[in-house]
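Contents: one structure, followed by commentary.
Chains as they are written, first to last, in our numbering: chain A, 49 to 295; chain B, 13 to 260.
So, in structure tokens, the structure goes:
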């Protein structure tokens, strides 16, 4: 089991967004135990109704414009209180199980809205990190997108979007000394997988290289490694912590 | 506590470049070291002295990794001297670049023998030792070439691509014995391996690297420490690209 309790590089300040799930909170708890100062944010997204009913393109644009201003203000306040920000962690939403066949417009819209919030937070934080010319951004999500799966369409779409966006952002922020990577996890303890996906996961887990479910601590070790300067020649990469599930 | 405190590690091709940096980084993190080298006695002696100064054991073997019998004997000796083996880093590699149409079969054979068969030989012997205690971490050095190909390097790219496949298969085979197998694919790293590359080619390649600089051996060594340590205890069969963003 990963032991990350030693502090190797002084106290790093890490802002964590969208960390409402028990798994995200457990992961942040591990980082805090390891000596990192964790600042939670992402309040703007929580102040809105996330269920997107009949979201038209026009209303989505208008809603995003307002949200962008709120997010920018929130992130600016965060950075001014905790400057310099060493790390940013974005937790991808844990989505319900949905297959393409049964996908409703409302479910699809909710997935898109979730991606909108991801974009807005990445954008606001990247502006601040670019200004301070320092930082490491790490997106964390269930890596089902790396293999694709029935029943998990929206997780797959959102996960792939995060990876693609991170790669582009990594290239855009090079000159500002900001690195952008993602960590994809597999079948872990504490993640609230949708019931419909559990059958598939239980089947896959027979093929796990390492015969146990992973923990938040396992993922925290990789997130922490990517935030530290130990990985200063790594950017635009996806690191998978999955016990060998996807190999 | 240091990350590799109390562990024993074997590094192939430890005398110079990335291998040397790995030996030093591992020793700094508390590991006892053994390494092999192909020819440079002076570099090997200097490294031994440096590791011992850090307060760690260090043993050097002048053995070619493509010689299966010699490798078997070397690992027996290493296990005796270090009291087992926790970590293997397969770093030894050679290159014999040339365009495929003009490449001699000797150059093909040599590169495959050291870079791929050598990894197999060492993995097999190390795994036998690690299986006894049901714990171990193997880190294989692949290359950007093995991931995306490179003109003039069909032999090198094939060997390093083979290392990636070997890594994943070995990860599956050895997981039930508590042995993790992962790979690092370094990009352009400032070592002797780049010494034959003409300056203009290097410059052109540097401009393609998003981080606009060559990597340092120490930057690869830090990632090797991570994969060797318990920090990566739920990772196996993974490939970490450390290339300044050149390949994503």
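Every residue, glycine too, gets a C-beta built ideally from N, C-alpha and C. A quick note: this is a predicted structure, and the numbers were derived from the prediction, not measured.
Any idea if residue i is buried or exposed, counting beta-carbon neighbours within 10 angstroms, 16 or more meaning buried?
i                      : result
residue 137 of chain B : buried
residue 128 of chain A : exposed
residue 273 of chain A : buried
residue 111 of chain B : exposed
residue 240 of chain A : exposed
residue 99 of chain A  : Bear in mind that a pLDDT of 44 at residue 99 of chain A, under 50, signals an unreliable position, so the model cannot answer this.
residue 234 of chain A : buried
residue 152 of chain A : exposed
residue 86 of chain B  : buried
residue 148 of chain A : exposed
residue 126 of chain A : buried
residue 93 of chain B  : exposed
residue 121 of chain A : exposed
residue 15 of chain B  : buried
residue 204 of chain B : exposed
residue 60 of chain B  : buried
What's the C-alpha gap between residue i and residue j?
i                      : j                      : result
residue 261 of chain B : residue 50 of chain B  : In this structure chain B extends from 13 to 260, so residue 261 of chain B is not present and cannot be described.
residue 114 of chain B : residue 283 of chain A : 36 Å
residue 88 of chain A  : residue 214 of chain B : 44 Å
residue 30 of chain B  : residue 39 of chain B  : 14 Å
residue 55 of chain B  : residue 217 of chain A : 42 Å
residue 109 of chain B : residue 28 of chain B  : 20 Å
residue 192 of chain B : residue 238 of chain B : 12 Å
residue 254 of chain A : residue 190 of chain B : 16 Å
residue 24 of chain B  : residue 118 of chain A : 54 Å
residue 168 of chain A : residue 135 of chain A : 17 Å
residue 91 of chain B  : residue 225 of chain A : 43 Å
residue 54 of chain A  : residue 175 of chain A : Residue placement at residue 54 of chain A is poorly supported in this model, since its pLDDT is 45, which falls under 50; the coordinates still yield a value, given next. The straight-line gap from Cα to Cα measures roughly 31 Å.
residue 60 of chain A  : residue 173 of chain A : 16 Å
residue 41 of chain B  : residue 234 of chain B : 10 Å
residue 277 of chain A : residue 88 of chain B  : 37 Å
residue 18 of chain B  : residue 44 of chain B  : 7 Å
residue 32 of chain B  : residue 232 of chain B : 11 Å
residue 252 of chain A : residue 116 of chain B : 45 Å
residue 64 of chain B  : residue 70 of chain B  : 6 Å
residue 106 of chain B : residue 58 of chain B  : 21 Å
residue 247 of chain A : residue 199 of chain A : 10 Å
residue 262 of chain A : residue 187 of chain B : 14 Å
residue 131 of chain A : residue 66 of chain A  : 20 Å
residue 275 of chain A : residue 118 of chain B : 45 Å
residue 67 of chain B  : residue 72 of chain A  : 40 Å
Name the residue from the options whose alpha carbon lies nearest to the alpha carbon of residue i.
i                      : options                    : result
residue 248 of chain B : B:196, B:25, B:72, B:78    : B:196
residue 217 of chain B : B:199, B:233, B:204, B:205 : B:199
residue 222 of chain B : A:206, A:159, A:219, A:117 : A:219
residue 207 of chain B : B:219, B:226, B:190, B:189 : B:226
residue 162 of chain A : A:147, A:180, A:141        : A:141
residue 259 of chain A : B:231, B:185, B:255        : B:185
residue 256 of chain B : B:229, B:74, B:89, B:246   : B:229
residue 178 of chain B : B:13, B:129, B:57          : B:129
residue 228 of chain A : A:245, A:290, A:124, A:280 : A:280
residue 146 of chain A : A:62, A:122, A:206         : A:206
residue 208 of chain A : A:122, A:286, A:132        : A:286
residue 210 of chain A : A:157, A:242, A:137, A:130 : A:137
residue 156 of chain A : A:203, A:189, A:74         : A:203
residue 74 of chain A  : A:187, A:264, A:232, A:179 : A:264
residue 164 of chain B : B:84, B:236, B:123, B:252  : B:123
residue 252 of chain B : B:158, B:47, B:120, B:80   : B:158
residue 174 of chain B : B:80, B:202, B:132         : B:132
residue 125 of chain B : B:95, B:212, B:80          : B:80
Using a Cβ cut-off of 9 Å, pull out every chain B residue sitting near residue i, in sequence order please.
i                      : result
residue 230 of chain A : Chain B residues near residue 230 of chain A: none, gap ~10 Å exceeds 9 Å.
residue 259 of chain A : 187, 188
I want to verify the contact list: residues of chain A whose CB lies under 8 Å from the CB of residue i, in sequence order.
i                      : result
residue 7 of chain B   : Nothing can be reported for residue 7 of chain B, as the shown portion of chain B is limited to 13 through 260.
residue 248 of chain B : 257, 258, 291, 292, 295
residue 132 of chain B : What residue 132 of chain B touches in chain A: nothing, since even the nearest Cβ is about 18 Å away.
residue 229 of chain B : Under the 8 Å cutoff, chain A gives no residues; its nearest Cβ is about 11 Å from residue 229 of chain B.
Would you check whether the ligand MN has a heavy atom nearer than 7 Å to the C-beta of residue i?
i                      : result
residue 141 of chain A : No copy of the ligand MN appears in this structure; indeed no ligand is present at all.
Which residues in chain A have a C-beta closer than 9 Å to the C-beta of residue i? List them in chain order.
i                      : result
residue 208 of chain B : What residue 208 of chain B touches in chain A: nothing, since even the nearest Cβ is about 22 Å away.
residue 235 of chain B : 273, 278, 279, 281, 282
Note down, in chain order, every chain A residue with its Cβ under 7 Å from the Cβ of residue i.
i                      : result
residue 80 of chain B  : Within chain A, no residue comes near residue 80 of chain B; the closest Cβ sits about 26 Å away, beyond 7 Å.
residue 214 of chain B : Neighbours of residue 214 of chain B on chain A: none; closest Cβ ~17 Å, over 7 Å.
For residue i, go through chain B and note every residue whose CB falls closer than 8 Å to its CB, in chain order.
i                      : result
residue 284 of chain A : 222, 257, 260
residue 222 of chain A : 222, 223, 224, 257
residue 79 of chain A  : Simply none; closest approach about 13 Å.
Please list, in chain order, the chain B residues whose beta carbon lies closer than 7 Å to that of residue i.
i                      : result
residue 262 of chain A : 246
residue 215 of chain A : 260
residue 266 of chain A : 245, 246
residue 116 of chain A : In chain order: nothing, as chain B lies at least about 26 Å away.
Could you tell me whether the segment 72-80 of chain A touches the segment 252-270 of chain A, where touching means 3 or more Cβ pairs closer than 8 Å? yes
Count Cβ pairs between the segment 96-105 of chain B and the segment 145-162 of chain B that sit closer than 8 Å; are there 3 or more? yes
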